[in-house]
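>
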Amino acid sequence: MKIIRPFLLSVSLLLFGWLFISNINLINVATTLNEAEINSEVGKVNAFTNIDQLKEFTIEKINYMEVIRERFSENAMIRIVVISVLVMIQILLYATKSRFHAQNSKF
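Take the sequence shown: its position 38, counted from the start at 1, is 49 in my numbering, and no numbers get skipped.
1) Phe-31 by DSSP, collapsed to three states: which one?
2) Since Ser-51 and Ile-100 are thought to touch, with beta carbons under 8 angstroms apart, how far apart are those beta carbons, to the nearest angstrom?
3) Can the beta-carbon of Leu-103 be found closer than 8 angstroms to that of Leu-20?
4) Roughly how many angstroms separate the alpha carbons of Val-53 and Glu-77, rounded to a whole number?
5) Just to confirm my understanding: we take Ser-95, look at its own chain, exclude 5 residues before and 5 after, and list those with CB closer than 7 angstroms. What are they?
6) Taking Cβ to Cβ, would you say Val-93 is nearer than 8 angstroms to Leu-26?
7) Fully enclosed by the segment 41-82, which alpha helix (DSSP H) runs are 4 residues long or longer?
8) Using only the alpha-carbon positions, how far apart do Ile-15 and Ile-91 sit?
In structure tokens form, the structure reads like this:
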């Protein structure tokens with residue numbers, strides 16, 4: 012138990028750190044930049060005079076959104092697995108805590 016508990020705690024801390032860092036990337040820090048990009052895209056749409064060009068542009072954007080949605084879905088599944096592993100590690104650490112302290116108090 013003396014080796015397993017610190018190992019599980021280290022793995023747990025590493026996974027929590029990974030979750031924290033991966034979620035920081037999702038925060039919209041550059042809102043001004045994003046608004047400028049959105050305004051640029053709206054300007055492109057407004058500049059189209061040919062309906063076929065507009066359709067092509069819209070289809071490209073929809074396909075891009077689908078790719079982004081798939082990536083977010085994959086990342087969400089990875090995070091769910093990591094959170095599940097963390098919950099199991101925390102349960103193991105909690106369950107072995109009383110036994111670990113009982114063994115240490117005998118010596």
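Even for Gly, the Cβ is constructed at its ideal location relative to N, Cα and C. Predicted model only: the values in this text are computed from it and were never measured.
To lay it out plainly:
1) On the sequence shown, position 20 is the one that residue 31 refers to. Of the three classes helix, strand and coil, the one that applies to Phe-31 here is helix, per DSSP.
2) The residue you call residue 51 lines up with position 40 of the sequence shown. The residue you call residue 100 lines up with position 89 of the sequence shown. Actually they do not touch by this definition, with Cβ atoms about 46 angstroms apart.
3) For the purposes of this step, residue 103 is identified with residue 92 of the sequence shown, where counting begins at 1. For the purposes of this step, residue 20 is identified with residue 9 of the sequence shown, where counting begins at 1. In this structure, Leu-20 does not lie closer than 8 angstroms to Leu-103 by Cβ.
4) For the purposes of this step, residue 53 is taken as the residue at position 42 of the sequence shown. For the purposes of this step, residue 77 is taken as the residue at position 66 of the sequence shown. Taking the straight line joining both Cα atoms gives about 19 angstroms.
5) Stepping through the sequence shown from its first residue, residue 95 is reached at position 84. Cβ within range, chain order: n/a, list empty.
6) By one-based count along the sequence shown, residue 93 stands at place 82. By one-based count along the sequence shown, residue 26 stands at place 15. Cβ atoms of Val-93 and Leu-26: closer than 8 angstroms.
7) As far as the segment 41-82 is concerned, its whole alpha helix (DSSP H) runs of at least 4 residues are 42-58.
8) Walking along the sequence shown from the start, residue 15 turns up at place 4. Walking along the sequence shown from the start, residue 91 turns up at place 80. Going by the C-alpha atoms only, they are around 24 angstroms apart.
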